[in-house]
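Chemist: Structure incoming, see below.
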Amino acid sequence: MNEIDYKSDVKPTWCPGCGDYGVLNSIIKAAKMLSLKPENTVIVSGIGCSSNLPHFFNSYSLHSIHGRAVAVAEGIKFANHELNVIVTGGDGDGYGIGLNHMIHAMRRNVDITYVVMDNEIYGLTTGQSSPTSMLGHKTKSTPFGVIETPVNPIAQALSASATYVARGFSGDPGHLAELIKGGISHKGFALIDVFSPCVTFNKINTYDWFRKNIYKLEGNRTDDFTEAMKHAKETERLPIGLFYKTDTPTYEERDLVLKKSPLIKQDRVDNNILEKLMEEFA
Ligand SMILES: Cc1ncc(C[n+]2csc(CCOP(=O)(O)OP(=O)(O)O)c2C)c(N)n1
Ligand code: SF4
Ligand SMILES: [Mg+2]
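Position 50, counted from 1, in the sequence shown is what numbering that gives the first Met the number 0 calls 49; the numbers after and before it change by one each time, with no gaps.
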């Protein structure tokens with residue numbers, strides 16, 4: 000398949016210049032590099048501008064509910080762990096209302112790739128502060144500036160035992176595509192946080208702002224947790240690249256039932272047994 004074959008017939012509805020175009024292009028590039036089969040791939044999202052992404056990609060997809068995309072994706076993966084399951088969404092969706100799901104999916108090491116378009120704002124709802132908005136950022140919901148310490152997605156993921164932790168920039172789709180490719184190939188939970196500017200509602204964290212404030216990790220030891228955490232905590236300049244990767248058995252490999260075969264290929268439980276169980280527990 001060519002890159003164009005991974006585009007759906009639905010044209011993106013994002014504002015001109017939105018960072019999410021670069022993320023879509025990077026996912027398409029990664030899909031092409033890995034020769035992903037649309038019929039074996041599912042993209043799940045929550046709610047937000049970024050969560051519209053699955054409509055624009057040629058695969059199975061589910062545009063679910065705000066903050067619940069990771070939980071829905073886990074269900075899909077457990078039903079058929081032979082599928083490539085990718086989750087896409089925003090910083091509000093994933094690091095606010097959905098943060099608990101992310102943490103638990105990470106500690107289970109479910110084999111899912113999670114791409115978060117982190118624009119440090121609520122885009123869809125027209126410019127309220129998000130969990131990653133910077134201290135002091137004046138938004139519609141914080142007219143005197145944000146007073147809460149922002150969520151640090153990389154440090155969160157590391158401390159929740161994620162086994163692939165990376166960050167990219169939608170202004171560098173080639174570099175981002177490599178990180179996404181690595182995440183999809185990785186067996187286990189992969190987080191790719193992406194600086195993806197909202198050109199309409201975040202006038203602080205613009206493309207120029209990111210270009211001035213980020214640098215690429217090179218030559219770092221990606222198997223060293225302490226080094227990864229040190230980079231995650233940097234504030235002077237923000238690193239992008241692969242922070243950490245480790246090989247640990249996935250949930251699907253450890254679970255007694257799932258490790259036999261995907262659930263959809265297993266015999267259904269006999270109705271009589273189900274009824275007996277219901278009688279016992281109901
Ligand atoms: C349960 C629930 N709470 C709140 C909302 C309203 N809502 C929709 S999108 C959104 C935040 C969007 O921000 P983000 O996830 O960062 O996505 P972006 O639009 O910035 O890409 C909110 C609060 C909702 N749809 N459902
Ligand atoms: S409002 Fe922001 S995040 Fe939403 S489409 Fe427009 S630029 Fe992108
Ligand atoms: Mg956002």
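From the three backbone atoms N, C-alpha and C, an ideal C-beta is built for every residue, glycine too.
Treat the numbers as computed from the prediction; the structure is a model and nothing was measured.
Is the separation between the beta-carbon of residue 7 and that of residue 77 shorter than 7 Å?
Modeler: Their beta carbons are not under 7 Å apart, which means residue 7 does not touch residue 77 by this criterion.
Chemist: In the DSSP assignment, find the unbroken beta strand (DSSP E) run with residue 212 in it and report its ends.
Modeler: First-last for residue 212: 206-212, but that is the alpha helix (DSSP H), not the beta strand (DSSP E).
Chemist: Cβ-heavy atom distance between residue 208 and ligand 2 below 6 Å?
Modeler: No, ligand 2 has no heavy atom inside 6 Å of this Cβ.
Chemist: Which residues are close to ligand 2, meaning CB closer than 7 Å to any heavy atom, in chain order?
Modeler: Chain-ordered list of matching residues: 13, 14, 16, 17, 18, 19, 48, 49, 118, 122, 123, 197, 198, 199 and 200.
Chemist: Helix or strand or just coil, what does DSSP make of residue 220?
Modeler: Coil, per DSSP.
Chemist: Going by Cα to Cα distance, which pick from 125, 41 and 99 is closest to residue 87?
Modeler: Of 125, 41 and 99, the residue nearest in Cα terms is 41.
Chemist: Apart from the five residues on each side of it in sequence, which residues of its chain come closer than 8 Å, Cβ to Cβ, to residue 263?
Modeler: Around residue 263: 78 and 79.
Chemist: Could you tell me if residue 121 is buried or exposed, where buried requires 16 or more neighbouring beta carbons within 10 angstroms of its beta carbon?
Modeler: When all chains shown are included, residue 121 counts as buried.
Chemist: Taking just the CA atoms, how far does residue 5 sit from residue 27?
Modeler: Taking the straight line from one Cα to the other gives about 6 Å.
Chemist: For my contact list, residue 116 and residue 19 are in at a C-beta cut-off of 8 Å; report their separation, rounded to the angstrom.
Modeler: Yes, they are in contact, since the Cβ atoms of residue 116 and residue 19 sit about 5 Å apart, within 8 Å.
Chemist: Where does residue 68 land, buried or exposed, given buried means 16+ other C-beta within 10 angstroms?
Modeler: Flag for residue 68 reads buried.
Chemist: What residues in its chain sit with their C-beta under 8 Å from that of residue 213, if we drop five residues either side in the sequence?
Modeler: Contacts found: 168, 194, 236, 237, 238 and 239.
Chemist: Grab the span of the alpha helix (DSSP H) containing residue 22 for me, first residue to last.
Modeler: That run of the alpha helix (DSSP H) goes 19-32.
Chemist: In whole angstroms, what separates the C-alpha of residue 248 from that of residue 94?
Modeler: Distance between the alpha carbons of residue 248 and residue 94: 25 Å.
Chemist: Per the contact definition of three or more C-beta pairs closer than 8 Å, is the region 124-132 in contact with the region 143-150?
Modeler: Yes, the region 143-150 touches the region 124-132.
Chemist: With which residues is residue 116 paired in a DSSP beta bridge?
Modeler: DSSP lists 89 and 193 as partners of residue 116.
Chemist: Residue 92 and residue 144: beta carbons closer than 7 Å?
Modeler: Taking 7 Å as the Cβ cut-off, residue 92 and residue 144 do not qualify as a contacting pair.
Chemist: As a quick exercise: from 137, 101 and 177, pick the residue whose alpha carbon is nearest that of residue 155.
Modeler: If we check each option's Cα against that of residue 155, 101 comes out closest.
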